[in-house]
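The block underneath contains the structure these notes are about, expressed in structure tokens.
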């Protein structure tokens, strides 16, 4: 069976695409004939993460000219090349309050208000590096290519059209020359500007270019730095205050991400530290922004919780650690055979300890990792006990993964005690019609119990024992003294001598067998039933430290050290034990020293095995 | 000695205050006589964190009237009370591009451009809850008080002055009534507006009010919710795009935090998720913002890395976990006496495992916690091996703490292998003239070695042994067979019999004693010298799993299980051992079964002790 589970992120984007695909609002730009040729139905949505994952829906490989979305990237190059002070002397950083093609030059200095209006973008072109026009264009394309992750070209037809009809931009160029903002002949600079606007990109490119800004200037696909980190902050600031024409305030209010739009229908938005977003849909609204693009971004921001003032951000550290049932065991003691089985197939059960805030960005990271691991793992435990906050977008993504995995015969389960998380997750599960509160209910109070559940299922499927998936323990088996590892190596007469000093004792379900702190020096052999050792926690809960079933021994440490019990041990069910008193062993040893040597060796071997398991767990959890 | 170490955060703010205290730019507002009475030298800076810590410098308790800083808080109340749609119908969200007192009503709807200009703020007042003017004022003061964390009052003299001279605002009120944006008599609404502007606050209040927004609407001091979380996002958006008059673009560019300023000289800025900032200095620049306030905020943002597009945010999860040397031991084996000493005084050495990105916000949190713990702890280890990014602001704060603690005879040390972190931290340490590369050099490649260093120092100060602080081990002691715990309980004849089968063997420094994977069944007693067991890691480094000195035994597990060695063991110095072969023990046991019983019991007791230590470590590290 091939491993192919749809990402819930992609599914959400597909749903968003369907929701907006039939919108017919807006008008395709016609100021040059090439733009008018765009198909008004073209529509795509792309997300690129700063660690290089891409989600794309619709016509994401349809090329179009970048137009005004070029402006922040050229501004980034100018900043990196000329520094802040020199750039600031040629172009301001204040929103103009005027239309994109307004002239908006400072009455005193002649400086354009900001680099997102045409005048400011043309002034920025005058700051780009290169000795000759050819060199400047080559530089520009090379730098843009670093943002996109591959080489880009100019659409010559659009360029020619822009060049031949851009009279107003030419006027701006000469006014800038007059004010000495442009320090040389404006004609080649205007040529560069027209070419810059005619660079061909697709929606995926926009997402990757945005993700490069989101990642502090490093392209998430190539790992190549496109721009200095210090320039990124300034570029995002300008996109935040001036990127969406006259819609900047409402955009910031309702979408809340630095962004830039273009007349060909593209929008490029940045969630710093996390995501780049590209949207492409040619029809424009009255502000000159892609009509569908605005609608999609509003939905995306609200539903994914991407608003810059809503998102509590975190990165990879949302995954506190991961381990498998081959590396860490539940506190149920297993037979040597079961331990071996779990070492072999334990990788099929994986625990994710999550922490911090689960919002869209962090949850997307978890979901992606879980889906990859689930190619091998049949059981995934998400431990939410360290999670401080979860929004509904996060809960939806997690329950969606739970349902997807269930469809593949795999299981995603949660462990935590917080009622509000349980409610959020259960709402999702119920909606998606997994039966709540069934034996399959994917909620456990702690990792130990979740891990035991995974182990039981793995042993039922892969183990030698005839146990069932839900109760594969030995609680209805009665062990005879001969079967205990403790007596291994004794001859018949010696075994009879030991059996003669074993004292049978019975406990009712729930009855304490030993209590923490009590002085004791006896060893217990479980003949029938099940017992659990617990330590009290500061939180008031008890933590299970071990569960033993028939055929196992407990109490070795107090037996050896003749000290006090470290844990309290209860009978989980009606239980029968044999007790081996230290004083009886010593009496026997006076006449049969070999018996004591064998018992001590078997106890030491048992401690060896426990130390190995504990050391393996420690190596995993200390990471 | 009382515990009183200056916080480096406070010191940085004090330095900033000194740097700007002598500035004489700007002019105190005079449009009403009460404002003109302000002392132009008044100056304070306050920071409040979302978890309730406050840093304050200068005249932080000097009261002044809140003026326009009231606007975002009244807008927050209106949003919470009336909802987004109704509020949006009465006041827009677009920057006006005009002066604060411009009328800026939409030519069609009559709606003010945004709630940060006077027209929009007066329209907002019309949305505030209450049946009568008295009730509306009481409501407003009660809500403002929740933001500040205590009850607030109106300065009646300023109110009277505002009321009697606010002709332009009265005109705006009637224009809003005319456009039916105000739905009732504007006079009581204007009265409420004048009173709102005359609420008395101090700089600390501004920081706490800002921190309430930063914390999603919950006051960090009282824990009381001041406003619904959904309103916070909208209020911050408006502050981001319209909060700083005509300076909004440049503010966002160079400071990069949502903020609001007022004519009395206050500035209130928000770092969402982390901080509220209050600044107070009456002289205003040409844009009507506090001149010193702007300069301080620029420095603060740049030096602390607070720009919203620069900060990679994280919260409490920056502290992965903490533990003390009483809970977790280094891998150097200790004698029973030393173990007891470390259990008693181990709380004086604390390890912080940090993770994620260390920027100002996260480092401040660490620094605060470390300074509190250092009241008890003499040694603090910061484990940076999980830290993914550190900026210079973080490195400065950490080295400042290192120097402060050294002055108190305490030590802060770092563990990591990344050259860039070492360089950042060493630069700070060198500047502050701690000798680099001295035996005191506070850098260790991993926690195990740092913890051993702490243990050695604790044992030298508090232990019974005569060891020195830097080498408190037993490497120049020679152990005789009688001193080994392994032989305890044997009578003289039995001990002689065991000594007869011990085979002496010597190793040169660096020589391997056993190799991982080799079959072996012998036990080693260290007579002189020191040996270390190591496991290879995937990273290519080796991890030390144990160090043993004279008087200790190693190799028990292979001896018992007659299996293969799990680790490779080297001689750290020229070392002499006795080897006890399993086959020799078995031969001896045939005639002396009691000897084997005693040896096995002693081995089991040794494993017991190791299991206890490992379990204690596991309980700590599994948290």
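Residue numbers (my numbering), protein chains in the order written: chain F, 799 to 1421; chain B, 799 to 1421. Using N, Cα and C, we set each Cβ at its ideal position, and we do this for glycine too.
Below 7 Å on C-beta distance, what does residue 1413 of chain B contact in chain F? 1412
If you follow the alpha helix (DSSP H) that residue 888 of chain B is in, where does it begin and where does it stop?
868-888
Coil, strand or helix - residue 1369 of chain F by DSSP
strand
Q) Would the C-beta of residue 1177 of chain B count as close to the ligand FAD, meaning under 7 Å from any of its heavy atoms? A) The model depicted lacks the ligand FAD and carries no ligand whatsoever.
*Please confirm whether residue 1365 of chain F and residue 1318 of chain F have their CB atoms less than 8 Å apart.*
no
From the DSSP output, in three-state form, read off residue 1112 of chain F for me.
-> With a pLDDT of only 46 at residue 1112 of chain F, under the threshold of 50, the placement of this residue in the model should not be trusted, and no figure is reported.
| Under 8 Å, do residue 1259 of chain F and residue 1396 of chain F count as touching if we go by C-beta distance? | no
- Query: Counting pairs of beta carbons, one from the segment 1318-1334 of chain B and one from the segment 1088-1108 of chain B, are three or more of them closer than 8 Å?
  - Reply: no
Length of the line joining the Cα atoms of residue 1385 of chain B and residue 1360 of chain B: 16 Å
* Asked: Which same chain residues, not among the five before or five after residue 955 of chain F, have their C-beta less than 7 Å away from its C-beta?
  -> 832
Query - Any chain F beta carbon closer than 8 Å to residue 1150 of chain B - result: no
Residue 994 of chain B, DSSP secondary structure in three states
Helix at residue 994 of chain B.
- Near residue 876 of chain F, what residues of its chain come up, given a Cβ to Cβ distance below 7 Å and the 5 sequence neighbours on each side ignored? 885, 922, 925 and 926
key: Any C-beta of chain F under 8 Å from that of residue 1350 of chain B   = no
Give a yes or no on whether the C-beta atoms belonging to residue 848 of chain F and residue 1072 of chain F are separated by under 8 Å.
-> Yes, they are a contact pair.
Q) Can you tell me the Cα-Cα spacing of residue 1422 of chain B and residue 1090 of chain B, whole angstroms? A) Outside the shown range of chain B, which is 799 to 1421, sits residue 1422 of chain B, and nothing can be said about it.
query: Where does residue 948 of chain F land, buried or exposed, given buried means 16+ other C-beta within 10 angstroms?
result: exposed
**Prompt:** Is there contact here, the segment 818-825 of chain B with the segment 984-997 of chain B, by at least three beta-carbon pairs under 8 Å?
**Reply:** no
* **Whole-Å CB distance - residue 1405 of chain F paired with residue 1409 of chain B, under 8 Å assumed** => 6 Å
*Residues that residue 908 of chain F contacts on chain B, provided the C-beta gap is smaller than 7 Å*: In chain order: nothing, as chain B lies at least about 18 Å away.
Worksheet item: Quick one: is residue 1082 of chain F buried, meaning 16 or more other Cβ sit within 10 Å of its Cβ, or exposed?
Response: buried
field: Under 8 Å between C-beta atoms of residue 1076 of chain B and residue 995 of chain B
entry: Result no, Cβ atoms of residue 1076 of chain B and residue 995 of chain B do not sit closer than 8 Å.
**Prompt:** Do we get a CB-CB distance below 8 Å when we pair residue 1408 of chain F with the residues of chain B?
**Reply:** Between residue 1408 of chain F and chain B, the shortest Cβ-Cβ separation is below 8 Å.
Quick check on residue 1153 of chain B: does DSSP put it in helix, strand or coil?
strand
- Task: Give a yes or no on whether the minimum CB-CB distance between residue 1419 of chain F and chain B is below 8 Å.
- Result: yes
Quick one: complete alpha helix (DSSP H) runs, 4+ long, within the segment 1194-1222 of chain F? Those alpha helix (DSSP H) runs which fall completely within the segment 1194-1222 of chain F and span 4+ residues do not exist here.
Q. Counting contacts by CB-CB distance shorter than 8 Å, is residue 1047 of chain F in contact with chain B?
A. Yes, residue 1047 of chain F counts as interfacial toward chain B.
Report task. For residue 1102 of chain B, name the three-state secondary structure that DSSP assigns. Result -> helix
Taking residue 1087 of chain B as the reference, give the member of B:1331, B:1061 and B:892 with the closest Cα.
B:1061
8 Å is my cut-off, CB to CB: does residue 1177 of chain B come that close to chain F? Judged by the 8 Å Cβ criterion, residue 1177 of chain B is not in contact with chain F.
Would you list, in chain order, the members of the segment 1125-1153 of chain F that have their beta-carbon closer than 7 Å to a beta-carbon of chain B? Of all residues in the segment 1125-1153 of chain F, only 1153 come within less than 7 Å of chain B when Cβ atoms are compared, listed by chain position.
Quick one: grab the DSSP three-state call for residue 1266 of chain B. Below a pLDDT of 50, predicted positions are generally treated as unreliable, and residue 1266 of chain B, at 42, falls in that range; the measurement from the model is reported next regardless. Coil at residue 1266 of chain B, not helix or strand.
Do the CB positions of residue 1333 of chain B and residue 1126 of chain B come within less than 8 Å of each other?
no
- Quick one: what's got a C-beta closer than 6 Å to residue 977 of chain B's C-beta in the same chain, skipping five residues either side? 908
Along the alpha helix (DSSP H) that carries residue 918 of chain F, what are the first and last residues, could you check?
916-923
Compare the C-beta of residue 892 of chain B with all C-beta atoms of chain F and state if any pair is closer than 8 Å. yes
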